[in-house]
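Novice: Residue numbers (the numbering used here): 1043 to 1395. Let me begin by handing over the structure; questions about it come next.
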Ligand code: AHG
Ligand code: MN
Ligand code: MN
């Protein structure tokens, strides 16, 4: 009989020391490794973050095949703010609600797409300790034109007793009480960026293994940038300080790298993400149409403010720190100036003079 002896030969480049380039840290592994940093029930909170990761992957799948699956376009309905809902707004909203309901760690959800707080009444959620506020699909106007969009979330510990019916007081906590916040950007790749108050970490979805993998550890926003993100169509009704700042950005001055570049996508998640990586300022002041600003405190401004502060940046309404506002309405709007510390500082100086 033929005796076949097989020797497994691995060239040097595949030996143990070089295997590190094949290793990844998945979001799930990272959450477990870091769960000791969180001052709350660790296993439950980790499971909640994991559930959000699962919802993000599912939305990413729907976003990627939207053009083929006939889910572009209007849903034929409006949200409480009178904005047309897109089919993907509704799909993303339902996907997150479904995922969090089945996960069992959340007792209530506040969503940009729902008029009222959603009370999760399910046997698995009886002892749920957390509430989630979210913008399931940020940048809706960009869905149909294939431009980056996102999902934004924030997590609070409930203040009402566990086991009782949650109420609005669970949501009307200032942002400085947030346990975690994050966003998902559906861009050239899908990324999830989040903080639990110990820095900011970014994960890129590897479609080949279906996992978010740590790609941007300990993200820091540069103190200065060369980009401003502002809908200049609104400049005529902007506060004087904003007009002066934009004008300053546009002046030619070599030592300070001016003129700066205007970059405005119309999806805050995408504008914010670029500014986080490269440095820059995002501006949405009061306008003639939206005297309190357009962006929503609970779903958009608070989570991004937590992230930008954790990355070394600033988020302010022009009247103080975003995270110190005590909300009094689920759908409350606030002006926002956020991003690189020195840029926001200069703009605030002009606003206050
Ligand atoms: P949403 O799609 O969740 O309603 O949010 C859109 C927001 C934000 O993402 C973006 O920065 C801003 O609206 C754009 O508003 P303008 O078109 O008024 O500039
Ligand atoms: Mn939004
Ligand atoms: Mn939205």
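Where a beta carbon is used, it is the ideal one built from N, C-alpha and C, also for glycine. All of these numbers come straight from a predicted model, not from anything done at the bench.
Is any non-hydrogen atom of ligand 1 found closer than 7 Å to the C-beta of residue 1310, if you look at the structure I gave you?
Specialist: Answer for residue 1310: yes, Cβ within range of ligand 1.
Novice: Between the C-alpha atoms of residue 1401 and residue 1092, what's the straight-line distance to the nearest angstrom?
Specialist: What is shown of the chain runs 1043 to 1395, which leaves residue 1401 out entirely.
Novice: Using a 10 Å radius around the Cβ and a threshold of 16 neighbouring Cβ atoms, would you call residue 1344 buried or exposed?
Specialist: Buried.
Novice: Verify whether the separation of the beta carbon atoms of residue 1134 and residue 1148 is less than 8 Å.
Specialist: Contact: no.
Novice: Tell me whether residue 1082 sits in a helix, a strand or coil according to DSSP, three-state version.
Specialist: It is coil, neither helix nor strand.
Novice: Which whole-angstrom value is the C-beta distance of residue 1317 and residue 1360, which I expect to be below 8 Å?
Specialist: In fact, because the Cβ distance is near 18 Å, the residues do not count as touching under 8 Å.
Novice: If you draw a straight line from the C-alpha of residue 1139 to the C-alpha of residue 1087, how long is it?
Specialist: Computed Cα separation, rounded: 17 Å.
Novice: Can you tell me the Cα-Cα spacing of residue 1292 and residue 1392, whole angstroms?
Specialist: Going from the Cα of residue 1292 to the Cα of residue 1392 covers about 15 Å.
Novice: Return yes when the C-beta of residue 1182 is under 7 Å from any heavy atom of ligand 3, and no when it is not.
Specialist: Within the cutoff, so yes.
Novice: How big is the Cα-Cα spacing for residue 1236 and residue 1248?
Specialist: Looking at the two C-alpha atoms, the distance is approximately 17 Å.
Novice: How far does the beta strand (DSSP E) with residue 1067 in it reach, from first residue to last?
Specialist: Counting along the chain, residue 1067 falls outside any beta strand (DSSP E), and DSSP gives it neither H nor E.
Novice: Looking at the secondary structure, which residues open and close the beta strand (DSSP E) in which residue 1292 lies?
Specialist: Where residue 1292 is concerned, there is no enclosing beta strand (DSSP E), although the alpha helix (DSSP H) it sits in stretches over 1282–1292.
Novice: Look at the Cβ atom of residue 1191, then the Cβ atom of residue 1210, and state whether they are nearer than 8 Å.
Specialist: No, Cβ-Cβ distance for residue 1191 and residue 1210 is not below 8 Å.
Novice: With distances taken between CB atoms, is the gap from residue 1260 to residue 1182 smaller than 8 Å?
Specialist: Result no, Cβ atoms of residue 1260 and residue 1182 do not sit closer than 8 Å.
Novice: Grab the span of the beta strand (DSSP E) containing residue 1346 for me, first residue to last.
Specialist: From DSSP, residue 1346 is part of no beta strand (DSSP E) but of the alpha helix (DSSP H) over 1344–1352.
Novice: Tell me the DSSP bridge mates of residue 1243?
Specialist: DSSP lists 1236 as partners of residue 1243.
Novice: Could you have a look at residue 1256 and say whether DSSP puts it in helix, strand or coil?
Specialist: Correct three-state label for residue 1256: strand.
Novice: With distance defined between alpha-carbon atoms, name the residue in 1115, 1196 and 1376 nearest to residue 1238.
Specialist: Comparing Cα positions, the closest option is 1196.
Novice: Mark residue 1264 as exposed unless 16 or more other C-beta atoms lie within 10 angstroms of its C-beta, in which case mark it buried.
Specialist: Buried: at least 16 other Cβ atoms inside 10 Å.
Novice: Just to confirm, does residue 1129 get its C-beta within under 7 Å of one of the non-hydrogen atoms of ligand 1?
Specialist: Not so, every heavy atom of ligand 1 lies at least 7 Å from the Cβ.
Novice: Do the stretch 1284–1299 and the stretch 1346–1353 make contact, defined as three or more Cβ pairs closer than 8 Å?
Specialist: No, because fewer than three Cβ pairs between the stretch 1284–1299 and the stretch 1346–1353 fall closer than 8 Å, the two stretches do not touch.
Novice: So, at 7 Å on beta carbons, what are the nonlocal neighbours of residue 1282 in its own chain, with the 5 sequence-adjacent residues on each side left out?
Specialist: Nothing meets the Cβ criterion.
Novice: Does the stretch 1141–1160 come close enough to the stretch 1102–1117 to have 3 or more Cβ pairs within less than 8 Å?
Specialist: Because the criterion of three Cβ pairs below 8 Å is not met, the stretch 1141–1160 and the stretch 1102–1117 do not touch.
Novice: Assess contact between the stretch 1212–1219 and the stretch 1075–1087, defined as three or more Cβ pairs (one per stretch) separated by less than 8 Å. Is contact present?
Specialist: Touching, no.
Novice: For the stretch 1310–1388, list the alpha helix (DSSP H) runs that are entirely contained and at least 4 residues long, ordered along the chain.
Specialist: Correct list: 1310–1320 and 1344–1352.
Novice: Kindly indicate the opening and closing residues of the beta strand (DSSP E) around residue 1174.
Specialist: Segment 1172–1180, the beta strand (DSSP E) holding residue 1174.
Novice: Quick test of your reading: residue 1336 and residue 1375, contact by CB under 8 Å. State the CB separation rounded to the nearest angstrom.
Specialist: Indeed, because the Cβ distance is near 6 Å, the residues count as touching under 8 Å.
Novice: Check the C-beta distance from residue 1090 over to residue 1172 and give it rounded, since I have them as a contact under 8 Å.
Specialist: About 6 Å; that satisfies the 8 Å criterion.
Novice: Would you call residue 1358 buried or exposed, if buried means 16 or more other Cβ atoms sit within 10 Å of its Cβ?
Specialist: So residue 1358 ends up on the buried side.
Novice: Let me check you understand the geometry: is the CB of residue 1177 closer than 7 Å to at least one non-hydrogen atom of ligand 2?
Specialist: Correct: residue 1177 has its Cβ closer than 7 Å to ligand 2.
Novice: Would you say the beta carbon of residue 1075 comes nearer than 7 Å to a heavy atom of ligand 2?
Specialist: False, no ligand heavy atom lies under 7 Å from that Cβ.
Novice: Check residue 1148 in the structure and name its three-state DSSP category.
Specialist: In the structure shown, residue 1148 sits in a strand (DSSP, three-state: E or B).
Novice: Which residues in the same chain as residue 1253 place their Cβ atom closer than 8 Å to its Cβ, once the five residues preceding and following it in sequence are excluded?
Specialist: Excluding residues within five positions, the ones whose Cβ falls inside 8 Å are 1066, 1068, 1069, 1070 and 1247.
Novice: Check each candidate in 1079, 1395 and 1094 and name the one with the smallest Cα separation from residue 1286.
Specialist: It is 1395.
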